[in-house]
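Engineer: One structure, as structure tokens, below. Some questions next.
Protein chains in written order, with this note's numbering: chain A, 3 to 114; chain B, 31 to 177.
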């Protein structure tokens, strides 16, 4: 099960996902990002701190989200905790091409 | 001595979470395996089940997907058997290396490479009747370790 909540913070759109992000639930996250970008989001954080499992479809949705935001000349950061989710990003090499952060605060408070 | 746990799931993506739960719980009965190794097995099994379900969908099969865990103190083996059309893992287009300029062009193709790095042994046995994916984690033997 996955829950997805959208927040606005200091000019950032924060999409907070919690639960398991897999082949069945990944479309929920995709819809949230698509809808945010359609509503004008150009600075987006996907907060996966509360996600304890991600599969290749979940990773694919994150890649798609980054491309969508960058296509609008925006910026997307992904927040992950240490553990299996960060490991999945590292094993696929995505940690080297995505902006992975340890907390939402450091993204929102950092330089634009 | 090993113990066997078997699960059959309908070939629908909503049941992949159940397969993960059962395999993770079954693997956790072996205290010699760390949580990290079981997490790796959990993801590998999830990818195998997702592929199996996709194979059934492509083949139009109503059969269930079989997940069989063979649990031993030093080795956990999970076999995921589908009755889809079979596939050749070598023909699956893998995502390019992270350094490649087009890395972000690939949103799929991560599943099989992930399985290969997550577990100690992988085997893909395809036939006209379907595919068996075998995933094995073994407990490394450390010098001087108490048995």
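The beta-carbon is built from N, C-alpha and C at its ideal position, and this holds for glycine as well.
Since the model is a prediction, treat every value here as computed from it, not as a measurement.
Compute the beta-carbon to beta-carbon distance between residue 95 of chain B and residue 72 of chain B, rounded to the nearest angstrom, for a pair I have assumed lies under 8 Å.
Structural biologist: Rounded, the Cβ-Cβ distance is 16 Å, inconsistent with contact.
Engineer: How about residue 41 of chain A: is its C-beta nearer than 8 Å to some C-beta of chain B?
Structural biologist: No, because no Cβ of chain B sits closer than 8 Å to the Cβ of residue 41 of chain A.
Engineer: Helix, strand or coil: which one does DSSP assign to residue 111 of chain B?
Structural biologist: The answer is strand: DSSP assigns residue 111 of chain B an E or B state.
Engineer: Closest Cβ-Cβ distance between residue 144 of chain B and chain A: below 8 Å?
Structural biologist: With 8 Å as the cut-off, residue 144 of chain B counts as an interface residue toward chain A.
Engineer: Using a Cβ-Cβ cut-off of less than 8 Å, list which residues of the stretch 31-49 of chain B approach chain A; keep chain order.
Structural biologist: The residues in question are 43, 44, 46, 47.
Engineer: Residue 154 of chain B and residue 163 of chain B look like a contact to me (Cβ under 8 Å); what is the Cβ gap, rounded to whole Å?
Structural biologist: Going by Cβ atoms, the distance from residue 154 of chain B to residue 163 of chain B rounds to 6 Å, so yes, they are a contact pair.
Engineer: Could you please give the first and the last residue of the uninterrupted beta strand (DSSP E) stretch that includes residue 19 of chain A?
Structural biologist: Its beta strand (DSSP E) spans residues 14-23.
Engineer: Would you decide whether residue 177 of chain B is buried or exposed? Buried here means 16 or more other CB atoms lie within 10 Å of its CB.
Structural biologist: In this predicted model, residue 177 of chain B has a pLDDT of only 49, less than 50, meaning its place in the structure is not dependable; the value taken from the coordinates is given anyway. So residue 177 of chain B counts as exposed.
Engineer: Spell out a yes or no on whether the stretch 32-42 of chain B and the stretch 92-107 of chain A are touching, meaning 3 or more CB-CB pairs, one atom from each, closer than 8 Å.
Structural biologist: No contact exists between the stretch 32-42 of chain B and the stretch 92-107 of chain A.
Engineer: Among the candidates A:18, A:94, A:62, A:40, whose CA atom is the shortest distance from the CA of residue 71 of chain A?
Structural biologist: When only C-alpha atoms are compared, the closest one is A:40.
Engineer: Nearest chain A C-beta to residue 80 of chain B closer than 8 Å, yes or no?
Structural biologist: Output row for residue 80 of chain B: interface = yes.
Engineer: Among B:84, B:45, B:103, which has the Cα closest to the Cα of residue 3 of chain A?
Structural biologist: The residue with the shortest Cα to Cα distance from residue 3 of chain A is B:45.
Engineer: How big is the Cα-Cα spacing for residue 161 of chain B and residue 112 of chain B?
Structural biologist: Going by the C-alpha atoms only, they are around 5 Å apart.
Engineer: Skipping 5 residues on each side, what residues in its chain have a beta carbon closer than 6 Å to that of residue 145 of chain B?
Structural biologist: Closer than 6 Å at the Cβ level, and outside the excluded window around residue 145 of chain B, lie 74, 77, 152.
Engineer: So that I know if they touch, is there some Cβ in chain A lying closer than 8 Å to that of residue 114 of chain B?
Structural biologist: Chain A, which has no Cβ nearer than 8 Å to the Cβ of residue 114 of chain B, makes this no.
Engineer: Quick one: which residues of the stretch 6-38 of chain A get their C-beta closer than 8 Å to a C-beta of chain B? List them in chain order.
Structural biologist: Those residues of the stretch 6-38 of chain A that come within reach of chain B (Cβ to Cβ, closer than 8 Å) are 22, 24, 25, 26.
Engineer: Which bits of chain D does residue 147 of chain B rub up against, with CB to CB less than 8 Å?
Structural biologist: The structure shown contains no chain D; its protein chains are A and B.
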